[in-house]
Structure formats: structure tokens, C-alpha cells
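Peer 1:
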Amino acid sequence: MKLLPSLLLASLISSAAAFAAADSATSAPAPEQDKALAPFAREMKGDYPGHVAGCTVAKGHVTKAAVSKYCMMRTSLCGEGARCGHPGARVSAVFDIAVDGVLATNVKDGAKPPADFKNWRSFKDAGLKEGDAVLFSFYSYNNGVPPAIATLVKAPPAAPAATPAPAAAAEVAYWLGEGYFVKNTHPIPAGGGDCLWLATQDAFDAVFQKTPPLMGGVRMAPVNLADSVALAVIYQGRSVPEMMVTSVAVKDGGVEIAYKLVKPADGSAVFAVPLIVVIEKAALEKAGGAKSVRFIENGKPIGTAAAPEK
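Every letter in the sequence shown is one number past the one before it in the numbering used here, and letter 149, counting from 1, is 149.
1) Specify whether the segment 282-291 and the segment 182-191 touch according to this definition: at least 3 beta carbon pairs, one from each stretch, less than 8 Å apart.
2) Give me the Cβ distance between A170 and V250, rounded to the nearest whole Å; I'm assuming they're in contact under 8 Å.
3) Since D202 is in the alpha helix (DSSP H), which residue starts that stretch and which ends it?
4) Nearest CA to the CA of V99: which residue from F136, L128, K108?
5) By the three-class DSSP mapping on this structure, what secondary structure does K332 have?
6) Considering K281, what are the terminal residues of the alpha helix (DSSP H) in which it resides?
7) Leaving out five residues on either side along the sequence, give the residues of the same chain with a beta carbon under 7 Å from the beta carbon of K64.
8) Leaving out five residues on either side along the sequence, give the residues of the same chain with a beta carbon under 6 Å from the beta carbon of S24.
9) V57 to K291, Cα distance in whole Å?
10) On the CB-based measure, 16 or more other CB atoms within 10 Å of its CB, does E309 come out buried or exposed?
11) Looking at F204: is its Cβ nearer than 8 Å to the Cβ of A221?
12) In the DSSP output, which residue or residues are listed as bridge partners for T304?
13) Taking 8 Å as the limit between beta carbons, can you name the residues of its chain near P113, skipping five residues before and five after?
14) Less than 8 Å between the CB atoms is what I'm expecting for V107 and A287, so what's the real figure, rounded?
15) Helix, strand or coil for M220 per DSSP?
16) Whole angstroms is fine: what's the gap from F117's alpha carbon to A161's?
17) Span of the beta strand (DSSP E) holding S140?
18) At which residues does the beta strand (DSSP E) containing S122 begin and terminate?
19) Return the bridge partner residues of V67 from the DSSP annotation.
20) Can A197 and A307 be called in contact, C-beta distance under 8 Å?
21) Would you mind working out which of G253, V67, V293, Y235 sits nearest P274, comparing C-alpha positions?
22) By the 10 Å Cβ neighbour count, where 16 or more other Cβ atoms means buried, how is S228 classified, buried or exposed?
23) Using a Cβ-Cβ cutoff of less than 7 Å, which residues in the same chain neighbour H61 once the five nearest sequence positions on both sides are dropped?
24) With 16 as the cutoff for other CB atoms within 10 Å, does G54 come out buried or exposed?
25) Buried or exposed: E242, going by 16 or more other Cβ atoms within 10 Å of its Cβ?
26) Which one or two residues does DSSP pair with K210 in a beta bridge?
27) Under three-state DSSP, which class holds K108?
28) CB-CB under 6 Å to F208, same chain, minus the five flanking residues each way: which ones, in chain order?
29) Rounded to whole angstroms, what's the CA-CA distance from R294 to P213? Just pull it up for me.
30) Would A111 pass as a contact of S140 if the rule is Cβ separation under 8 Å?
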């Protein structure tokens, strides 16, 4: 390695002396800076010697990393790898750093970084390897001396992408299909909780039968699925519970139906009791569309059903 030119050597020695003096002086704490710039706060303070134009903080990446030895005596007999055998040779790392952009500068006319810095030597175990992202500061000079790196650190890992806020539920209008019983030809899973998405009249009529009104009773309007869908859950047990809908909304591409179930004491007979929620297809489309239904009973999910393919 060639000896430094006398002009460059004198410049670096005077710069080091000036910065050492600045370090030893008592000064007010620097204002809070972005975390990325914190390691370079001292260099960015200013008060440079006259031949220093200013300091710049940049980002880049390692294009070459090699471990070597360095002899501090650096006589004409010393070579790379400390072949001279002088005591005090130190293990160092030599990096080539490509410049990817400028983060901050106090150079009056703006920073003009080179495309890269070659053979930058570090005596610290930086743990850097080829491809690693780095942040570094470098000084610019008024006397023709090339820019020189002052501090180099490994770039902090990128912050994880923000988790998008969950989509708000869109309430939809509905009405209840009342006055129906479950046909005994429809199989119900053991324990009940049968969930259904019925998109056609034929599909609905295959499961439910209209209950004849009692003497003097009011005949309920039949469910018509010409422009609607029926979403149903069937409870099966040894009592007839009261099932009250508390909310119907479209959320995350599905309909969510929450209801409260109040069950009396069990008897000996087994009952199949449906809760039928009817929604216009246009209302579903307006709320963003849905491809499934999820039933929430007393705050707990009880089952789902997928919309049939068109």
C-alpha cells in the first residue's frame, strides 16, 4: 500500500486534532434526532476546521468484505497482511461500500458523495458481510482531499409493515322467517348447530315447511327467495329455546349473525328449532358482498356455512 501524500496526511491529522478538542469540550446536549441519525450526532454538530466543508450521513450497502491485518508502523517494508512481522499488527476488516442515498448533510452547497468508498478499514468487529445495509457519515473537504468515512454502522432492520386495521362491520337490513319447522327429511348433525346458506326457493323448501296457523292465529308471510337469501341455524335439543337476533352485519367478506339463546329446562322430547334470517341480495352487494355466514351464539362462534357457487 502506498504512503499517504503529505497534503492528505496533514489534513487528516489536523482534522483529528480538531474533533478531539471538540469532544473534550463541554457542550449542551444535542437535540433529539431520528434514531437512524443518532450515531452521527457528534459529526453533524458543526464547528469544523476551515478545510472541512461539512458532514453528510448516507445509506449504502457492503459490496466487498474481507478480513486482513494492519501494521500501525506502516514502513516501506510493511505490506498488506502485516508481512513485516512488526509487533502490534491488528486484525481489521476492509470493506467496499456502495452509496445508495443521502439522509442528511450540513455541507453548504450540498453533498456530492462518490458512487462508492473503496477499501474502508475498520478495527472493530462490525460483523458486516457482503450485501448488508449500512449507514455512515463522511466528511467533505475544501482543499481537494477526497471524502472520507468517519463512522459506519449496520443499518437497523426495517420496521415491520403496519397491520391494517380490521374492516368495520357493515350492518344490513334483515327480517325473520317465522312460522316454519324443520322437515324430518333434513338431516341435522348430532348436537344441532346446523348452519345453512339457502340461495334458492327450492333449496329453502327442501329444508323448511310452513307451520299451519292455530285456530284464530295469524298466518305469517312465506319466505320468498326471488331476490333474497335465507341464512339459517338449527338448534336441536330437549327443549324449545328462545332465539333472539342481536346483530346482522357483513364483515371480512362474510355475514356475521349474532343471537342470544335462552334455553328452558330439558324435557324428554327432542326438538329441532330454526332461526331463519332473510336478507335481500342487493343489500349484501351494497355492504361489499359475502361468501359465507358465521353464527355467533351467546358470544361464541357456533358454526359457518358457505354461499353456494353461482
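Note that the Cβ used here is the ideal one computed from N, Cα and C, for glycine as well. This one's a predicted model, so the numbers in the text were calculated from it and none came from an experiment.
Peer 2: Checking against the coordinates, here is how it stands:
1) no
2) 5 Å
3) 201-205
4) F136
5) Residue 332 falls outside the range modelled here, since the chain spans only 1 to 310, and no answer is possible.
6) 281-286
7) F95, D96, E130
8) Interpretation of S24 is limited by its pLDDT of 35, a score under 50 that renders its predicted location unreliable; the figure taken from the coordinates is listed afterwards. Excluding residues within five positions, none has a Cβ falling inside 6 Å.
9) Using only the alpha carbons, I get a separation of about 52 Å.
10) exposed
11) no
12) R294
13) T56, A58, V99, V102, F138, P147
14) So it is not a contact: roughly 57 Å between Cβ atoms.
15) Residue state, collapsed to three classes: coil.
16) 32 Å
17) 133-141
18) Unbroken beta strand (DSSP E) run through S122: 116-122.
19) For V67, which the question treats as bridged, DSSP gives the partners A93.
20) First, the residue type needs correcting, since residue 197 is Trp and not Ala in the sequence shown. In this structure, A307 lies closer than 8 Å to W197 by Cβ.
21) Y235
22) Burial check for S228: the Cβ neighbour count within 10 Å reaches 16 or more, so the residue is buried.
23) Contacts found: A98, D100, G131, D132, A133, V134.
24) That one is buried.
25) exposed
26) Y180
27) coil
28) Y180
29) 31 Å
30) yes
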